[in-house]
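Take a look at the structure set out below.
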Amino acid sequence: MNYYAIPCKPNLSAHVRFFWVLEHDGVTAARPYTHRSMADGCCEMVFHYKGRFTDIANDGSSSASFTSGVGGPSQHFSRFHAQEAFGIFGVYLYPYAIAALFGVPASAIANQQVSLSSLLGQTGANIEEQVMLAADNHARAAILTTFFEAQLQHRHKQPPAVFNAISYIIKSKGTVTVDALAQKHFLSTRQFERNFKEFAGFSPKLYSRIIRFQSAIEKYKDKGRSLTDIAYDCGYYDQSHFIHDFKHFSGYHPKTYFKGNNEATDWKEAE
1 MNYYAIPCKP
11 NLSAHVRFFW
21 VLEHDGVTAA
31 RPYTHRSMAD
41 GCCEMVFHYK
51 GRFTDIANDG
61 SSSASFTSGV
71 GGPSQHFSRF
81 HAQEAFGIFG
91 VYLYPYAIAA
101 LFGVPASAIA
111 NQQVSLSSLL
121 GQTGANIEEQ
131 VMLAADNHAR
141 AAILTTFFEA
151 QLQHRHKQPP
161 AVFNAISYII
171 KSKGTVTVDA
181 LAQKHFLSTR
191 QFERNFKEFA
201 GFSPKLYSRI
211 IRFQSAIEKY
221 KDKGRSLTDI
231 AYDCGYYDQS
241 HFIHDFKHFS
251 GYHPKTYFKG
261 NNEATDWKEA
271 E
C-alpha cells in the first residue's frame, strides 16, 4: 500500500488542506481490503482513478461507490471494501470550502457522500473526466488547482467571520468554548450557532467534539503512551469521556485502535 500527500499552493491554503493519494496493487478477491474512515470535521473530494470501492452500510448491505464525489463532514465512521487493485486521488478541504468553491453549505452534505455530477452537474462530469485522464497524480493536483482558483475568482466575496471561527476550532483542536468564539466574532451565541452549523455542518459543540477526536487519532504513531495521557493531551476531562467519544466516532475502543491491525490504521502504516 502507498499513501502520500501533495501540498497545495499557498493561495488555496485557506480552503484546501492538502491533496492525498492512496494506492494498493496487492488487492484481489482472495486478498480483499476494507477501509474505515472516521468521523471528520472536514470534507473530502475523491476520485477513484483505478478500481472501485464498495460502500458498506451499517446494516451490512453494500453498493458501488461513486467514481468521483464529495464526502461531507461526518459524525459517523464509514466502511469501504475493495476486491481489486485501486488508486484514489483526494482533496482534503475545510468544511466552509464547500460553500466558497461550489456555493453549497456544508450542512447540505453533512454525513453524506455525493457524486460530483450530482453536486456540480456537467461541470462535475467535465472535471471528473480531466482528472481520470491525467498522466499522474501531480497532474491531477494541477488540474484541480486551476479549477479551484477559477471557482474562487468566480465566487469572490468577503468570507463571513464564521469561517475564521471554524478554522480556529480546528487549529485549537476543539478545546475552545462556544461562548468564547461567539464573543470573539461579535455575534450572539444563537446567531453564531446558526451560522456555524450552515458552514461546518454541525453545531459548534458537536463539531468541537469531532475535532477533539480527530486530534486523538493523530496520536496513533505516538507508541507507548497511555490512553489517559492521550485523553488529557487532547482536552478530555477524563478517560471515560475519551473512550465514550472514541467509540462513538470510530466504532472502536481506543485500545483496539492504538494497537493497530484494524481497518482504520492499515493506511497509516503506509504513510
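If you count by the numbering used here, then the sequence shown holds residues 1 to 271, one letter each, in order. From the three backbone atoms N, C-alpha and C, an ideal C-beta is built for every residue, glycine too.
Are residue i and residue j close, meaning C-beta to C-beta below 8 angstroms?
| i | j | result |
| --- | --- | --- |
| His76 | Ala100 | no |
| Glu128 | Thr67 | yes |
| Ala264 | Met1 | no |
| Arg79 | Ala64 | no |
| Lys184 | Gly235 | no |
| Gly60 | Gln113 | no |
| Phe246 | Phe202 | no |
| Cys42 | Tyr92 | yes |
| Ala135 | Phe19 | no |
| Ala85 | His35 | no |
| Met132 | Phe47 | yes |
| Val16 | Phe163 | no |
| Leu22 | Ile98 | no |
| Ser74 | Asn111 | yes |
| Ile6 | Asn137 | yes |
| Gly90 | Met45 | yes |
| Thr145 | Lys9 | yes |
Pull up the DSSP beta-bridge partners for residue i, would you.
| i | result |
| --- | --- |
| Lys50 | Gly87 |
| Leu93 | Val16 and Cys43 |
| Ala64 | Thr54 |
| Val104 | Looking at the DSSP assignment, Val104 forms no beta bridge with any residue, so it has no partner. |
| Ser74 | Asp40 |
| Gly69 | Val46 and Ser115 |
Return the CA-CA distance between residue i and residue j, expressed in angstroms with no decimal places.
| i | j | result |
| --- | --- | --- |
| Leu227 | Tyr237 | 12 angstroms |
| Ser250 | Gly224 | 21 angstroms |
| Gly121 | Gly69 | 11 angstroms |
| Ala29 | Ala216 | 33 angstroms |
| Ala106 | Tyr96 | 6 angstroms |
| Ile230 | Lys255 | 11 angstroms |
| Ile211 | Ser115 | 25 angstroms |
| Ala161 | Leu152 | 17 angstroms |
| Val178 | Arg190 | 10 angstroms |
| Ser118 | Gly26 | 32 angstroms |
| Thr175 | Ala139 | 38 angstroms |
| Glu198 | Tyr207 | 12 angstroms |
| Tyr168 | Glu193 | 15 angstroms |
| Tyr347 | Gln83 | Since the first and last residues shown for the chain are 1 and 271, residue 347 lies out of range. |
| Pro159 | Gly124 | 24 angstroms |
| Lys171 | Ala165 | 10 angstroms |
| Ala108 | Tyr232 | 34 angstroms |
| Ser62 | Ile56 | 5 angstroms |
| Gly260 | Asp266 | 7 angstroms |
| Ala182 | Tyr33 | 44 angstroms |
| His241 | Lys221 | 22 angstroms |
| Gln274 | Ala150 | The structure shown does not extend to residue 274, since the chain is modelled only from 1 through 271, so no value can be given for it. |
| Lys205 | Phe196 | 10 angstroms |
| Ala180 | Ser188 | 11 angstroms |
| Ala14 | His248 | 29 angstroms |
Tell me where the beta strand (DSSP E) around residue i begins and ends.
| i | result |
| --- | --- |
| Arg79 | Ser78 to Ala82 |
| Phe18 | Val16 to His24 |
| Tyr4 | Asn2 to Ile6 |
| Ser37 | Tyr33 to Ser37 |
With residue i as the anchor, note down where its alpha helix (DSSP H) starts and where it stops.
| i | result |
| --- | --- |
| Val178 | Val178 to Lys184 |
| Ala200 | Thr189 to Ala200 |
| Lys248 | First, the residue type needs correcting, since residue 248 is His and not Lys in the sequence shown. Residues Gln239 to Ser250. |
| Lys255 | Pro254 to Lys259 |
| Thr228 | Leu227 to Asp233 |
| Ser208 | Pro204 to Ile217 |
With 8 angstroms as the threshold, decide whether the Cβ of residue i is near any Cβ in chain C.
| i | result |
| --- | --- |
| Thr54 | Here chain C cannot be found, since the structure has a single protein chain. |
Just list the beta strand (DSSP E) runs in the segment 110-167, keeping only unbroken ones of 3 residues or longer that don't cross its boundaries, in chain order. 113-115
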